[in-house]
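Below is one structure, written out as structure tokens; the observations come after it.
Protein chains in written order, with this note's numbering: chain F, 58 to 477; chain V, 58 to 477.
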């Protein structure tokens, strides 16, 4: 790669800032908006320490990692080691149960707003797959097609259901255990015991709480302020009689991006009122857009995302053309002053997907010193992502409709319901 | 009956007014409150003409009765002839379809808040049974056990479902056609196509609309402002695929008490947005409490109601002891000035249940003239109610769990789905 090309590939922070729809000073993190603060016209990264403080969660520290390693006998997942899963609520309570061989389950979800999932969407599922693997526990995955329908006035209901089924195939391709995983679309599955818990929950949450938690206004539809009841329900085991019978005392751990925490803060309040166990949570940082760490990868901004359907050539092209670089403005300046890995998107992507701790440490060191060029860093990032996406596509090709139907059928997941 | 006893039996308007929980000047009619205006400390009857005006409905006039008689070849039901069903929205559109042999259906419902249904609860069902009989059409009956749970914080969910099944037996005992009637509890039936319409509807109604229609405040739970979506859904035929397949163009007629109209005003707005036919309505007056025509019979005020489980002796006792009389304060005054049938509860009850037009006209005339005593009027009322309740109890004894399960099973009701 020539020096000229390197210069052209660099997207400056000012260009990057234009993808923010509003220039606000404060950072915004809620289920519908993720945007770092803007200081002096510059788009800043998300301040995760501030989120821990303002949301009232706990940081995942060395002690948690140690305990995970001791309990599971395996090195913690790369997303834990690199601090992508950085925050939690009562994770220790779930680890206690694992230690005591008491049942618990995992719950995560996805809002299926399009056919295409991208790299960022994979993060909670990759991590869930690891947790299911080490804990050998059941997992329920909610596809909130109803939420997408309520919040996106142009979507048709049938489209939302179709997105659910498409996205479920992507999720299955992450490698979940078919005997211990139940994936469901709300439009197809809400009813019975599930609906009972929805109504129980909706009786415990005032409009005022929903409004202040999510920022609704009176012209928002009644489905929006009520929706929290639907997302909360899978946190309680008696929502799934096929899996848990009538047991309401089996707690869950919810791996999710930090923007989903407001739903589960309300859910934890409700749990107390309904005498159900509170869900524990483990929170991920956002997967940054190609344009920089101030916002998250978005399926609706095509140039911001690497999709799981992208070809090897598209991946290479997107990284080379769009990925924001923390390198020097010219090759000479880069050699003289070095790069900034903390601002560099290819480096960040590597830190999510490159499992080798020694290599990532070496890359960081050399990039900071200016001995590794932006071009070579991008090259390594492209290799790693091409392999990840290629492997994913091979697994997905094996996900037939029959496999999909199996995952989406309510059924026993082999939980020992006599264990307390 | 002695003159003394007659005096004792009379409940004065002032005593009657004490059952009002608040002394307000304006009449209040919404799904949770029915209370006539209070003028100079006196509890007034509900002003139904004002309701027609403020709700924007149409009065049922002689022309409608004539058309019903011509179309069906039967004398209109006593509840139509006596003006109990007094108001409608687009009833003519349904009569047009009947004339053109195009399909339509009936939809009504009940909020099952206790084991015991009373005489007032029977009114919409008696009328529905007549409509089903003359039109030979399908009928769906929604038991809003979820609504009762949301609005009554002390009820348990399991109780609400139990009330649904108990009440369904009472409803069946009204004589519905088992091949054309589907009765469902929301807790048991919401899901699938029903849930799809619930979400479609909830996307069309803003919090602001729900709040202003029903008078909610921000400390009300999110289930309340959302509940209209659940009550609206059965107005649309594709909510019931077992009955109507995927047809969304079959309209319904909703017989209900006028206090339910706010739900269906919103529903009619939503129908327009969703390109579904608007439901037509036919509205009943309230069945007055024993204490007088200023409020409705209430299951939660035991002395206000004659329950369908009451014995013959209890009916006699309640009418004699509690029924507000429009007769003179003494037998002498009654003979001199006559009674006021329009204020007299036994007369009102007779007007709901005594089919014989000549007899009711004679009773009214003689009572107004003072030649028929309060005691004799009560005696006739007791006879008619004892027969009605006795016959009901005999029919209810035949409603086994197997019969109940049949009515509550989603199934085809024999609709010709090829008819447009």
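Yeah, the Cβ is synthetic: ideal placement off N, Cα and C, and Gly gets one too. Note that the structure is predicted; figures quoted are calculated from it, not measured.
DSSP three-state call for residue 170 of chain F: helix, strand or coil?
coil
Using only the alpha-carbon positions, how far apart do residue 421 of chain F and residue 441 of chain F sit?
16 Å
If you measure from the beta carbon of residue 263 of chain V to each beta carbon in chain F, is any gap under 8 Å?
yes
What is the DSSP secondary structure of residue 333 of chain F, counted as helix, strand or coil?
coil
At the 8 Å Cβ level, is residue 252 of chain F part of the contact set with chain V, yes or no?
yes
Contact residues within the region 173-207 of chain F, judged by C-beta distance below 7 Å to chain V:
203, 206, 207
Tell me whether the beta-carbon of residue 268 of chain V lies closer than 8 Å to the beta-carbon of residue 399 of chain F.
no
Under the three-state DSSP convention, the category residue 175 of chain V falls into
strand
I want to see whether chain F comes within less than 8 Å of residue 211 of chain V, judged by CB atoms only; does it?
no
Looking at chain V, is there any beta carbon in it that lies within less than 8 Å of the beta carbon of residue 462 of chain F?
Residue 462 of chain F is outside the set of residues whose beta carbon lies under 8 Å from a beta carbon in chain V.
Could you tell me which residues DSSP puts in a beta bridge with residue 248 of chain F?
V/248
Leaving aside the five residues before and after residue 186 of chain F along the sequence, list all residues of the same chain whose C-beta is less than 7 Å from its C-beta, in chain order.
Only 231, 232, 233 meet the Cβ criterion.
Quick check on DSSP: helix, strand or coil for residue 122 of chain F?
Looking at residue 122 of chain F - three-state DSSP - the assignment turns out to be helix.
Excluding the five sequence neighbours on either side, which residues of its own chain have a C-beta within less than 6 Å of the C-beta of residue 468 of chain F, listed in chain order?
299
Along the chain, where does the beta strand (DSSP E) that runs through residue 145 of chain V open and close?
142-146
Of the choices V/153, V/162, V/156, V/228, whose alpha-carbon is the least far from that of residue 179 of chain V?
V/228
Proximal residues, the region 131-143 of chain F versus chain V, C-beta separation under 8 Å
none
Opposing strand residues paired with residue 441 of chain V [DSSP bridges]
Note: residue 441 of chain V sits in no beta bridge, so no partner.
Can you list the residues of chain A that residue 411 of chain F reaches, using a CB-CB cut of under 8 Å?
Among the protein chains of the structure shown, namely F and V, there is no chain A.
Find the nearest neighbour of residue 147 of chain V within the set V/309, V/136, V/250, judged by alpha-carbon distance.
V/309
Below 7 Å between beta carbons is the criterion; list the residues of the region 100-127 of chain V that meet it against any residue of chain F, in chain order.
none
By a C-beta neighbour count over all protein chains shown, 10 Å radius and 16 as the cutoff for buried, is residue 78 of chain V buried or exposed?
The predicted position of residue 78 of chain V is uncertain, since its pLDDT is 48 and thus under 50; no value can be drawn from it.
Three-state secondary structure (DSSP) of residue 79 of chain V
With a pLDDT of 48 at residue 79 of chain V, under the threshold of 50, the modelled position of that residue is not reliable, and no figure is offered here.
Secondary structure of residue 363 of chain V, DSSP reduced to three states:
coil
Since residue 141 of chain F and residue 291 of chain F are thought to touch, with beta carbons under 8 Å apart, how far apart are those beta carbons, to the nearest angstrom?
At roughly 23 Å, the Cβ-Cβ gap does not stay under 8 Å, so residue 141 of chain F and residue 291 of chain F are not in contact.
Going by Cα to Cα distance, which pick from F/210, F/395, F/294, F/438 is closest to residue 375 of chain F?
F/438
Would you mind listing the alpha helix (DSSP H) stretches within the region 261-342 of chain V that are 4+ residues and don't spill past its ends, in chain order?
Counting only runs of at least 4 residues, the region 261-342 of chain V fully encloses the following alpha helix (DSSP H) elements, listed from N- to C-terminal order: 264-271, 279-289, 298-301, 318-331.
Proximity winner among V/430, V/406, V/340, relative to residue 181 of chain V (alpha-carbon distances)
V/340
For the alpha helix (DSSP H) that residue 202 of chain F lies in, which residues bound it at each end?
202-208 is the extent of the alpha helix (DSSP H) around residue 202 of chain F.
Cβ distance (whole Å) where residue 177 of chain V is taken to contact residue 344 of chain V below 8 Å
3 Å
With a Cβ-Cβ cutoff of 8 Å, do residue 236 of chain F and residue 470 of chain F count as a contact?
In this structure, the beta-carbon distance from residue 236 of chain F to residue 470 of chain F falls below 8 Å.
On the DSSP letters alone, give me the boundaries of the alpha helix (DSSP H) that residue 357 of chain F sits inside.
Premise fails: residue 357 of chain F is in no alpha helix (DSSP H) and is neither H nor E.
Would you please verify whether the beta carbon of residue 259 of chain F is less than 8 Å from any beta carbon of chain V?
So yes, residue 259 of chain F belongs to the interface.
For residue 156 of chain V and residue 128 of chain V, believed in contact at Cβ under 8 Å, the rounded distance:
6 Å
Minimum Cβ-Cβ distance from residue 327 of chain F to chain V less than 8 Å:
no
Endpoints, the beta strand (DSSP E) within which residue 87 of chain V is located
Element bounds for residue 87 of chain V: 85-87.
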